[in-house]
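Residues in the sequence shown are numbered from 1 upward in steps of one, following UniProt numbering. Glycine included, each C-beta is placed from N, C-alpha and C at the ideal position. Here the structure is a predicted model, which means the values were calculated and not measured.
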Amino acid sequence: MIASMSLLAIGCSDSRLRSRRDRDTSAAAVFSLSGELKQRRILSFRTLNRTPPAFQIPSSSSDLLSPPRAVSGDLLHDAGATAAVLTGAYSLVLGFNNLARRNLIQQKLSRKLVHILSGLLFMMSWPIFSTSTKARYFASIVPTVNFLKLVINGLSLAKDEGLLKSLTREGKPEELLRGPLFYVLMLILSAVVFWRESPIGLISLAMMCGGDGIADIMGRKFGSKRLPYNEGKSWIGSISMFIFGFCVSIGVLYYYSVLGYLEVDWIKAVQKVAFVALVATVVESLPIADVVDDNISVPLVSMVAAFLTFST
């Protein structure tokens with residue numbers, strides 16, 4: 001009996017020893033694996049947080065000339081937008097020249113339609129440019145190219161018959177250095193200074209293109225009754241200037257508000273635009289065309305009036 005109990009005790013002891021050895025072996029394996037994982041984490045952390053050198057030579061010389069992807073993307077985007085707007089501008093002029101050449105519309109009407117549409121379409125094209133701070137300068141390339149072309153032809157350094165027919169009243173090169181030149185200068189000024197986040201430039205261009213352009217067409221067609229203080233202007237022309245300048249301005253503000261560039265309080269905006277349109281109409285009706293061209297007086301006065309009203 002005692003022997004049996006002794007054998008049983010020895011067997012239990014051996015069993016406990018084997019179980020303890022198994023646990024120790026498992027624990028060692030676990031600790032070994034844990035240590036290996038920790039070592040891997042440390043190596044990985046050291047790799048990820050390795051301090052970059054103060055100066056690193058690029059793999060090729062082109063790396064030195066390559067801008068960041070975002071900047072490069074904006075430049076390509078704006079370059080493409082500039083090319084598209086330039087193509088559209090020249091297509092517009094060529095299209096109306098062809099219509100006038102085929103006697104489908106009068107040359108004077110063609111010139112005024114170019115005056116109205118080229119500025120408005122240029123202004124409406126601004127959203128296709130990127131959000132880069134340099135986008136406005138890319139947009140201004142379009143009127144700048146036209147500016148250089150007007151100067152070259154206005155000084156008779158070159159002669160473009162199509163340009164003279166589409167932009168001058170009498171076909172004289174020096175005419176290009178007055179109204180048409182002032183027109184593109186206002187486009188450049190509005191794009192560079194005000195751009196698409198300000199109603200000031202938008203309204204001034206709307207008054208110059210939509211208001212003044214329509215006033216001339218309506219005045220020549222239906223302007224039998226002249227203003228008492230200016231025989232060169234008519235009542236119907238001035239009324240058209242106010243109505244169309246106001247409507248085009250509201251349309252442009254709506255366009256840019258829908259696209260998210262402007263937040264407009266329409267009750268106040270309508271009143272302010274009406275005031276700007278009234279001021280621009282009065283200035284356009286004054287007998288000062290021989291001193292100051294309408295393409296200078298109308299947009300500049302509109303800018304001042306819009307600045308005073310929209311900044312309050």
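Whole-Å CB distance - residue i paired with residue j, under 8 Å assumed
{"i": "Ser130", "j": "Asp74", "result": "4 Å"}
{"i": "Val276", "j": "Ala305", "result": "4 Å"}
{"i": "Leu227", "j": "Ser140", "result": "The Cβ separation is near 36 Å, so there is no contact."}
{"i": "Ile116", "j": "Ile214", "result": "7 Å"}
{"i": "Met186", "j": "Asn295", "result": "6 Å"}
{"i": "Lys165", "j": "Gln107", "result": "6 Å"}
Given residue i as reference, the closest of the options once Cα atoms are compared
{"i": "Val184", "options": "Val193, Gly211, Val142, Ser166", "result": "Val142"}
{"i": "Ser190", "options": "Tyr137, Val151, Ile217", "result": "Tyr137"}
{"i": "Pro246", "options": "Phe307, Ser204, Gly260", "result": "At residue 246 the sequence reads Phe, which differs from the Pro that was named. Closest option to Phe246, Cα to Cα, is Ser204."}
{"i": "Val270", "options": "Thr281, Leu92, Val248, Trp195", "result": "Val248"}
{"i": "Ser132", "options": "Val292, Asp78, Ser118", "result": "Asp78"}
{"i": "Ile239", "options": "Asp160, Val282, Ser297", "result": "Val282"}
{"i": "Phe242", "options": "Asp216, Tyr255, Leu308, Lys165", "result": "Asp216"}
{"i": "Leu94", "options": "Gly80, Ala83, Arg111", "result": "Arg111"}
{"i": "Ile267", "options": "Ala135, Leu92, Glu170, Phe310", "result": "Phe310"}
{"i": "Lys134", "options": "Thr82, Val291, Tyr261", "result": "Thr82"}
{"i": "Met208", "options": "Ala158, Ser297, Val291, Tyr255", "result": "Ser297"}
{"i": "Ser91", "options": "Lys159, Ile105, Ser118", "result": "Ser118"}
{"i": "Gly179", "options": "Leu76, Phe147, Asn103", "result": "Phe147"}
{"i": "Tyr255", "options": "Gly223, Pro127, Asn98, Leu109", "result": "Pro127"}
{"i": "Arg196", "options": "Asp160, Leu262, Glu175", "result": "Leu262"}
{"i": "Val192", "options": "Gly219, Thr144, Lys149", "result": "Thr144"}
Distance CB(residue i)-CB(residue j) smaller than 8 Å
{"i": "Phe194", "j": "Ile200", "result": "yes"}
{"i": "Ser156", "j": "Pro173", "result": "yes"}
{"i": "Val252", "j": "Leu202", "result": "yes"}
{"i": "Val279", "j": "Val258", "result": "no"}
{"i": "Gly211", "j": "Phe244", "result": "yes"}
{"i": "Leu120", "j": "Gly88", "result": "no"}
{"i": "Leu177", "j": "Gly162", "result": "no"}
{"i": "Ala289", "j": "Gly232", "result": "yes"}
{"i": "Val114", "j": "Phe96", "result": "yes"}
{"i": "Lys221", "j": "Trp235", "result": "no"}
{"i": "Asn230", "j": "Pro299", "result": "no"}
Original post:
What are the start and end residues of each continuous alpha helix (DSSP H) run of 4 or more residues lying completely inside the region 181-258, in chain order?
Top reply: Here the runs fully enclosed are 199-206, 213-222, 235-258.
Original post:
Considering only residues of the region 121-172, which uninterrupted alpha helix (DSSP H) runs meet the minimum length of 4 residues and lie entirely inside it, listed in chain order?
Top reply: Taken in chain order, the complete alpha helix (DSSP H) segments of 4 or more residues contained in the region 121-172 are 135-154, 161-167.
**OP:** Only counting runs of 4 or more residues, tell me where the alpha helix (DSSP H) segments fall wholly within the region 251-304, in order along the chain.
**Re:** Listed in chain order, they are 266-285.
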